[in-house]
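Enquirer:
Protein chains: 4
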Amino acid sequence: MLKPTSSITEEHAALPATDATGIAVVGLGYWGPNLLRVLGDNADAEVRWICDLDRDRLAKYRRRHPSARVTTRLDRVLSDPDVEAVIIATPVHTHYNLAAQVLVAGKHVFVEKPLAPSSELADDLAELASERDRILMCGHTFVYSPPVRAVKRMIEAGTLGDIYFISSSRVNLGLHQRDVSVIWDLGPHDFSILLYWLSELPTTVRAVGRDSIVKGIADVAFVTMTFASGIVANVELSWLAPSKLRRTVLVGSERMVIYDDGASEPVRLFDRGVVYHDPETFGEYHLSYRSGDILSPKIESYEPLGLELSDFISAIRTDQRMEFHTALARSVVRIVEAADRSLRAGGREVALTDHADISDQLFARRGLALA
Amino acid sequence: MLKPTSSITEEHAALPATDATGIAVVGLGYWGPNLLRVLGDNADAEVRWICDLDRDRLAKYRRRHPSARVTTRLDRVLSDPDVEAVIIATPVHTHYNLAAQVLVAGKHVFVEKPLAPSSELADDLAELASERDRILMCGHTFVYSPPVRAVKRMIEAGTLGDIYFISSSRVNLGLHQRDVSVIWDLGPHDFSILLYWLSELPTTVRAVGRDSIVKGIADVAFVTMTFASGIVANVELSWLAPSKLRRTVLVGSERMVIYDDGASEPVRLFDRGVVYHDPETFGEYHLSYRSGDILSPKIESYEPLGLELSDFISAIRTDQRMEFHTALARSVVRIVEAADRSLRAGGREVALTDHADISDQLFARRGLALA
Amino acid sequence: MLKPTSSITEEHAALPATDATGIAVVGLGYWGPNLLRVLGDNADAEVRWICDLDRDRLAKYRRRHPSARVTTRLDRVLSDPDVEAVIIATPVHTHYNLAAQVLVAGKHVFVEKPLAPSSELADDLAELASERDRILMCGHTFVYSPPVRAVKRMIEAGTLGDIYFISSSRVNLGLHQRDVSVIWDLGPHDFSILLYWLSELPTTVRAVGRDSIVKGIADVAFVTMTFASGIVANVELSWLAPSKLRRTVLVGSERMVIYDDGASEPVRLFDRGVVYHDPETFGEYHLSYRSGDILSPKIESYEPLGLELSDFISAIRTDQRMEFHTALARSVVRIVEAADRSLRAGGREVALTDHADISDQLFARRGLALA
Amino acid sequence: MLKPTSSITEEHAALPATDATGIAVVGLGYWGPNLLRVLGDNADAEVRWICDLDRDRLAKYRRRHPSARVTTRLDRVLSDPDVEAVIIATPVHTHYNLAAQVLVAGKHVFVEKPLAPSSELADDLAELASERDRILMCGHTFVYSPPVRAVKRMIEAGTLGDIYFISSSRVNLGLHQRDVSVIWDLGPHDFSILLYWLSELPTTVRAVGRDSIVKGIADVAFVTMTFASGIVANVELSWLAPSKLRRTVLVGSERMVIYDDGASEPVRLFDRGVVYHDPETFGEYHLSYRSGDILSPKIESYEPLGLELSDFISAIRTDQRMEFHTALARSVVRIVEAADRSLRAGGREVALTDHADISDQLFARRGLALA
């Protein structure tokens, strides 16, 4: 039978297993429907509650998820003993209160990014999760994207050698957020990727930008970070750009990589570099330039959100705590907060206040086998 | 007769006119031979002297320019009353001394970029040129490049509206300079272009970078500038990159431009932007995004160096002083110096010390008809 | 209120108007579900029946379209007086029989492309439709795609001048069809686009290809067509290619166009050409080459299938017969048939048998205002 | 010492060795000066004569090559016993007469492409060269270009598997030739490359085109060839195109290659293909699609013309006859002639008349180690 590779989306959602993990989804705005759809495909999960303040939205999604109950009240969700975990996809300023309630109720929680509007509140949530021995995970989905993982494997395998610097652009025309700067909106993507790749918090952050359109809301920012290892990273973030660009260049001592999220070849590995030769007879050093093959490795194709939620549910079922993810989320908030502070101070250097536990947890992921 | 557009280079050099301007070229390193070649095509110029410390080079170029005399001694050049102008293409640290001697000898001078290794010395040269009423011009050739001029015309015509910010990358693999950072090497290109376009000195400069290969010589730098008009500019400079990139994005209130120096379409004009609507009934503002045509205008094709030297020689013959070019060169040195200082201070903000005369001369070019 | 351009798909399907046109959809394979989805968004249409031989599929789509009835028997559909039109998305070899039954039952019919497996059967259907005074339309959706329409407008406006030739590539890796050559599979796309643009049937067709993988099923073909107007067209079709390409170049006497279906700028207009100057003094002609701006016009963004079905339903409601579309579909089958015959004869020229009515109907669309 | 990779062209030409091979260059039009320049860099060659009908040109190049003598008369060149070989870069219609004189005079000859204006004359030259035991080589320089050689190595190494088909485009805006079609002008490039790669003459050729601008001179042609091995090749040639393109796609059973002559990555190897699985249980075959890494191998950087002339001179000095090159040149003329004939006959198939000696010599190069 002729059976070519199918590009047709599988239509039949997985039926929940009898011992499926009970999940509630809170928030039906932009991202919530995606979470619902992906959970519907996960046989280990059962969406038991959908919660939102808007009754029309509830009615609409009830039809699509007939087995779930709907409510405008979080307490009804939290009092259901069959709910093991709650996924929060509400506006940022509500993250702390909702997640704290979920943890206090003894349930695991998955919060959309960024985890909280300040590092203090993010730390509080982490402490609460630790006290209650519950998972606190944050939706940094790029950490699950195939090209980002491919680059991580290259870094861990030493393919790039020592990383000298990273230069990144994440720009597009729109959409302006009405209450936060472009750093809070787009920064978490790049910062989570950098933390995942480097397993290291920056020590200093600087940001210079401009509120071109709406006074008080920066819509372009150039963020520069330095790391204790010597790495320098420059991240350009903007809602104003002639064309969409999501491109990161990593320059290492052995090889260089371009990760271009929208390209048909999202990862390109350049066998290029400079070799420093120590002084010999005449007491002068010598440099040679190396320029070899360029490789576009085949990148797997799957939906990152599916793997991320599957990881969350699997952690619940196997009693893991996802400390790396908690540390990652706290670190992202730290960088965003520092960058935003620098931006408001006209580009002044802001040192990052480290917590030993964060670094330990970030660093623990270096060199480990990856999911 | 079939006469299609010829791509064959014209072989016959122009013969100097009988009243041609006498020129001397000092320095036969990387750039000097290009200057000689281009001067050979200019009917208004006559190369009377070629000067270099290396006798082999002199012998080689004497053969190619049989009408020119060669020497290792600048004083012989300066004592020739038929030499009206001297073109200096020697290492940067010699620029000041050589150019000063030329001016003291009462001759016009054209110095390769950057003009001098410090703003103080650059200012001294400018003062000397002013006292002796001679031209002091510096080889910022990009100011003569067709795509840079095309963008200038767009800016002056108001096509872009108010410029919000500029983001630029000038990166390549190599060549490391042995005595100066990448800021001194590549920075003058971008800084001269920005000054030419904006007719405005930045007020603050910050640079963060790294000396990845040779200790003490930064090979990557992220330079951020702010301008009194509100414009923010970010310039990435690097000798370490997977592939060559010379790309500048200008984001304006009306349109956006990508200038990509190596591309087959070096200037692309995007009819895109955001419109801010003031609050109306409900007291909330409203944004609309506009996305129209993209235009790659036809860009003229000529060698910028030819036009630049022709401009210099024409200024000599018509008794002009090229104040804009002197001011531009002094400003470039100011920015390079400030950026290098910031880099060494770990990214600290450095304010630019303005001289009223520089700003006046820069600003004078705004809105003027262009050559 | 902050209201940026939304990229979120509108979720609420239009509710059918009370006088909505009753539609049946036959065939739930690859394309049928798309037709159902799009019909669900059309307020003027009501899907009354879904018909397929597979009961599982019927069950699945009944859930999604609760107001429609499902059946495995076409006669039940045809006997429903409230069904005004039937949309057929079944395998090609069934098109003729099913469409004929629909027309005989006095209903309008929309058939997926290609209309029929031979020009004879396609002509029969057209005759039947004409006799019964019903619409016979075929799903050549590219005719409704925004970039194809943009190019049509340029042609009609004379922007390109006289078209000299057209060169097209439609290649990808897979999917091999099991019973027909790549000409039957991919050819209808290009042929329908060419017919729409040129309003003219080719007079000769040649095709050379190869059955590289499966004996007897050509998976690559180079099709060359000549037109009475002098236009030459070359179309490369392949299921074997290193990367997907859907690119058509039109070379006209005044301007040239590249239409690249997958590109971010799908239409690019080049102000380039050659001017022939008649012989003058020396009796020899002279050519000059012209190379001006390149324009990427803004292309509208909508789903072509939506507009196509809306056009079909609107034609039913306003009692139009869509003769151009019938003629287009018959012409496409003619070209496919001729190309396939040439391919099997090793590239021999095949002349197209014209029917006056087809040409008249095709030609009628030239210069007309477009939807 | 800092010694980075130099991009500065080496200026000093090689001095001829005392036993250098004496060469004459005939024709100083477009290509002759390049030949002179390259010969000047070859220490094994000494240009003894420069011959052209235009005395101004002779005067100009005498200055540049002071050791060469100049003349308007070929007989003076041929009577010089120190001239071992003559390089002919004159218009095509003169190739036969000039080359024949050279061979009759007992000297080796290198003729610019195409070798002769008909296959009969090309065969005559080959016979003459064979009788006189002299080298007859033709300037199919692409055979010496680094990316073309890289693809040849891949083919010989079996990297592509069996080649199914080849699709090529060589298009640009201009320059129209005044006396020959685009097939005679651009075709030799593609045809020589295909012959070099495949070591096989096509058996049939078809060409359809149009004389869009100048009546009688086709400026666009689509040439289709079939080979006894089953390979199909389509070559698009045009002087009318919106942008320059020199791109060849090779589709093999194991891998695919894109060779793009103007691209920064001129050779890209795609690990993609289709696997046919024989029928098993249900008696139906099965296809699987494979899509792996993409590799841009580092391509050497040298001037093909330099290697080509070096090969010619080396063959003279080591007494080789370059039979492959003679056969290649004769084969190119055969294909051009056949394609032009097909074009004039409206695309009729033209069979290639093979000579056993040509095929043997072409085939001999298959699998051999390459220079």
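Sequences listed follow chains A, B, C and D, in order.
Going by our numbering, 213 is the number at position 215 of the first sequence; the sequence numbering is gapless.
Going by our numbering, 231 is the number at position 233 of the second sequence; the sequence numbering is gapless.
Going by our numbering, 30 is the number at position 32 of the third sequence; the sequence numbering is gapless.
Going by our numbering, 336 is the number at position 338 of the fourth sequence; the sequence numbering is gapless.
The beta-carbon is built from N, C-alpha and C at its ideal position, and this holds for glycine as well.
Note that this is a predicted model, so its numbers are computed, not measured.
With DSSP run on the structure shown, which of helix, strand or coil describes Ser312/D?
Expert: Counted from its first residue, the fourth sequence places residue 312/D at position 314. Three-state DSSP puts Ser312/D in a helix.
Enquirer: Between the Cα of Asp217/D and those of Leu303/C, Ser227/C, Gly271/C, Gly345/C, spot the shortest distance and give me the residue it belongs to.
Expert: The residue you call residue 217/D lines up with position 219 of the fourth sequence. The option with the nearest alpha carbon to Asp217/D is Gly271/C.
Enquirer: Note down, in chain order, all residues in the stretch 289 to 310 of chain B with a beta-carbon under 8 Å from any beta-carbon belonging to chain C.
Expert: Cβ contacts with chain C come from Ser289, Gly290, Asp291, Ile292, Leu293, Ser294, Pro295, Lys296.
Enquirer: I believe Pro144/A touches Glu298/A by the beta-carbon criterion, under 8 Å. Please report the beta-carbon distance rounded to the nearest angstrom.
Expert: Residue mapping note: residue 144/A aligns to position 146 of the first sequence, counting from 1. Residue mapping note: residue 298/A aligns to position 300 of the first sequence, counting from 1. Confirmed, Cβ separation roughly 5 Å.
Enquirer: Please confirm whether Glu263/C has its beta-carbon closer than 8 Å to some beta-carbon of chain B.
Expert: Numbered from 1 along the third sequence, position 265 holds the residue referred to as residue 263/C. Cβ-Cβ to chain B under 8 Å: yes for Glu263/C.
Enquirer: Comparing C-alpha positions only, which one of Ser166/A, Asp338/A, Arg319/A, Val331/A sits nearest to His106/A?
Expert: The residue given as residue 106/A occupies position 108 in the first sequence. Comparing Cα-Cα distances from His106/A to each of Ser166/A, Asp338/A, Arg319/A, Val331/A, the minimum goes to Arg319/A.
Enquirer: Starting from the beta carbon of Ala57/A, find every residue of chain B whose beta carbon is closer than 8 Å, and list them in chain order.
Expert: One-based indexing of the first sequence puts residue 57/A at position 59. In chain order: nothing, as chain B lies at least about 26 Å away.
Enquirer: Using the Cα positions of Ile356/A and Ala148/A, report the straight-line distance between them to the nearest angstrom.
Expert: Mapped onto the first sequence, residue 356/A falls at position 358. Mapped onto the first sequence, residue 148/A falls at position 150. So the two alpha carbons sit approximately 24 Å from each other.
Enquirer: On the three-pair Cβ rule with 8 Å, is the stretch 77 to 94 of chain B touching the stretch 15 to 30 of chain B?
Expert: With a cut-off of 8 Å, the stretch 15 to 30 of chain B and the stretch 77 to 94 of chain B count as touching, because enough Cβ pairs lie within range.
Enquirer: Check whether the Cβ atoms of Ala205/A and Ala66/A sit closer than 8 Å, and answer yes or no.
Expert: The count along the first sequence starts at 1 and reaches residue 205/A at position 207. The count along the first sequence starts at 1 and reaches residue 66/A at position 68. Not in contact: Ala205/A and Ala66/A (Cβ atoms no closer than 8 Å).
Enquirer: Would you please verify whether the beta carbon of Leu285/D is less than 8 Å from any beta carbon of chain E?
Expert: The structure shown contains no chain E; its protein chains are A, B, C and D.
Enquirer: Should Gly168/D and His187/D be called a contact, given that it needs their Cβ atoms to be closer than 8 Å?
Expert: If you number the fourth sequence from 1, residue 168/D lands on position 170. If you number the fourth sequence from 1, residue 187/D lands on position 189. Per the sequence shown, the amino acid found at residue 168/D is Arg instead of Gly. Yes, Cβ-Cβ distance for Arg168/D and His187/D is below 8 Å.
Enquirer: Which same chain residues end up closer than 8 Å to Ser4/D when comparing Cβ atoms and leaving out the 5 residues on each side of it in sequence?
Expert: Taking the first residue of the fourth sequence as position 1, residue 4/D is located at position 6. At Ser4/D, the pLDDT of 33 sits below 50, so the modelled position is not reliable; the number obtained from the coordinates is stated separately. Around Ser4/D: no qualifying Cβ.
Enquirer: Looking at the secondary structure, which residues open and close the alpha helix (DSSP H) in which Arg270/C lies?
Expert: Residue numbering aside, residue 270/C sits at position 272 when the third sequence is read from its first letter. No alpha helix (DSSP H) holds Arg270/C; the beta strand (DSSP E) holding it covers 265 to 275.
Enquirer: What do you get for Thr16/B, buried or exposed, if any count of 16 or more other CB atoms within 10 angstroms of its CB means buried?
Expert: If you number the second sequence from 1, residue 16/B lands on position 18. Exposed, by the Cβ-count rule.
Enquirer: Based on the DSSP secondary-structure assignment, which residues constitute the bridge partners of Leu134/C?
Expert: Counted from its first residue, the third sequence places residue 134/C at position 136. Looking at the DSSP assignment, Leu134/C forms a beta bridge with Val107/C.
Enquirer: Do Ser294/D and Arg315/D come within 8 Å of each other at the CB atom, strictly closer than that value?
Expert: Reading the fourth sequence from its first residue, position 317 is the one you call residue 315/D. Reading the fourth sequence from its first residue, position 296 is the one you call residue 294/D. No, the pair does not count as a contact, with Cβ atoms beyond the cut-off.
Enquirer: Which same chain residues, not among the five before or five after Ala226/A, have their C-beta less than 8 Å away from its C-beta?
Expert: Numbered from its first residue, the first sequence carries residue 226/A at position 228. Glu198, Thr201.
Enquirer: Taking the straight line between their C-alpha atoms, what separation do you get for Val330/D and His275/D?
Expert: Mapped onto the fourth sequence, residue 330/D falls at position 332. Mapped onto the fourth sequence, residue 275/D falls at position 277. About 39 Å.
Enquirer: Going by other Cβ atoms of all chains shown within 10 Å of its Cβ, with 16 needed for buried, is Leu51/D buried or exposed?
Expert: Residue numbering aside, residue 51/D sits at position 53 when the fourth sequence is read from its first letter. Exposed, since its Cβ has fewer than 16 Cβ neighbours within 10 Å.
Enquirer: Cα separation between Tyr142/C and Leu326/C?
Expert: As a first step, residue 142/C is located in the third sequence; it is residue number 144 there, counting from the start. As a first step, residue 326/C is located in the third sequence; it is residue number 328 there, counting from the start. Whole-angstrom Cα-Cα distance: 13 Å.
Enquirer: Note down, in chain order, all residues in the stretch 160 to 188 of chain A with a beta-carbon under 7 Å from any beta-carbon belonging to chain B.
Expert: Cβ contacts with chain B come from Tyr162, Phe163, Ser165, Leu171, Gly172, His174.
Enquirer: CB-CB under 7 Å to Ala308/C, same chain, minus the five flanking residues each way: which ones, in chain order?
Expert: As a first step, residue 308/C is located in the third sequence; it is residue number 310 there, counting from the start. Reading off the sequence, residue 308/C comes out as Ser, not Ala. Correct list, in chain order: Asn40.
Enquirer: Please classify Pro79/B: is it buried, with 16 or more other beta-carbons within 10 angstroms of its beta-carbon, or exposed?
Expert: Your numbering for residue 79/B matches position 81 in the second sequence. Its Cβ having fewer than 16 others within 10 Å, Pro79/B is exposed.
Enquirer: Mind checking which residues open and close the beta strand (DSSP E) that includes Ile181/C?
Expert: As a first step, residue 181/C must be located in the third sequence, where it is residue number 183. Where Ile181/C is concerned, there is no enclosing beta strand (DSSP E), although the alpha helix (DSSP H) it sits in stretches over 180 to 196.
Enquirer: Relative to the alpha-carbon of Tyr94/C, which residue among Ile211/C, Glu118/C, Val36/C has its alpha-carbon at the smallest distance?
Expert: Counted from its first residue, the third sequence places residue 94/C at position 96. Cα-wise, what sits closest to Tyr94/C is Glu118/C.
Enquirer: For Pro64/C, which three-state DSSP category applies?
Expert: Position 66 of the third sequence holds residue 64/C. If DSSP states are grouped into helix, strand and coil, Pro64/C belongs with coil.
Enquirer: May I have the straight-line CA-CA distance separating Ala367/D from Glu154/D, to the nearest angstrom?
Expert: Numbered from 1 along the fourth sequence, position 369 holds the residue referred to as residue 367/D. Numbered from 1 along the fourth sequence, position 156 holds the residue referred to as residue 154/D. Low local confidence applies: a pLDDT of 42 at Ala367/D is under 50, so the model's placement there is unreliable, with the coordinate-based value given in what follows. Straight-line Cα distance between these residues: approximately 9 Å.
Enquirer: Taking 8 Å as the CB-CB cut-off, is Val247/D touching chain C?
Expert: Taking the first residue of the fourth sequence as 1, we reach residue 247/D at position 249. Closer than 8 Å: yes.
Enquirer: Hey, would you say Leu56/A sits closer than 8 Å to Val45/A, going by beta carbons?
Expert: The count along the first sequence starts at 1 and reaches residue 56/A at position 58. The count along the first sequence starts at 1 and reaches residue 45/A at position 47. Not in contact: Leu56/A and Val45/A (Cβ atoms no closer than 8 Å).
Enquirer: Ignoring anything shorter than 3 residues or poking outside the stretch 68 to 130 of chain C, list the beta strand (DSSP E) runs there in chain order.
Expert: You should have 83 to 86, 106 to 109.
Enquirer: What is the DSSP secondary structure of Val212/D, reduced to helix, strand or coil?
Expert: In the fourth sequence, counting from the first residue as 1, residue 212/D sits at position 214. Coil.
Enquirer: For the alpha helix (DSSP H) containing Ser340/D, name the first residue and the last one.
Expert: The residue you call residue 340/D lines up with position 342 of the fourth sequence. Segment 321 to 342, the alpha helix (DSSP H) holding Ser340/D.
Enquirer: DSSP on Ile229/A, reduced to helix/strand/coil?
Expert: Position 231 of the first sequence, counted from the first residue, corresponds to residue 229/A. Note: Ile229/A maps to coil in three-state DSSP.
Enquirer: Buried or exposed for His91/B, going by 16 or more other Cβ atoms inside 10 Å?
Expert: Within the second sequence, numbered from 1, the residue matching residue 91/B stands at position 93. His91/B should be labelled exposed.
Enquirer: Per DSSP, Met223/B forms a beta bridge with which residues?
Expert: On the second sequence, residue 223/B is found 225 positions in, with the first residue counted as 1. In the DSSP output, where bridge partners are listed per residue, Met223/B has Val203/B, Ala231/B.
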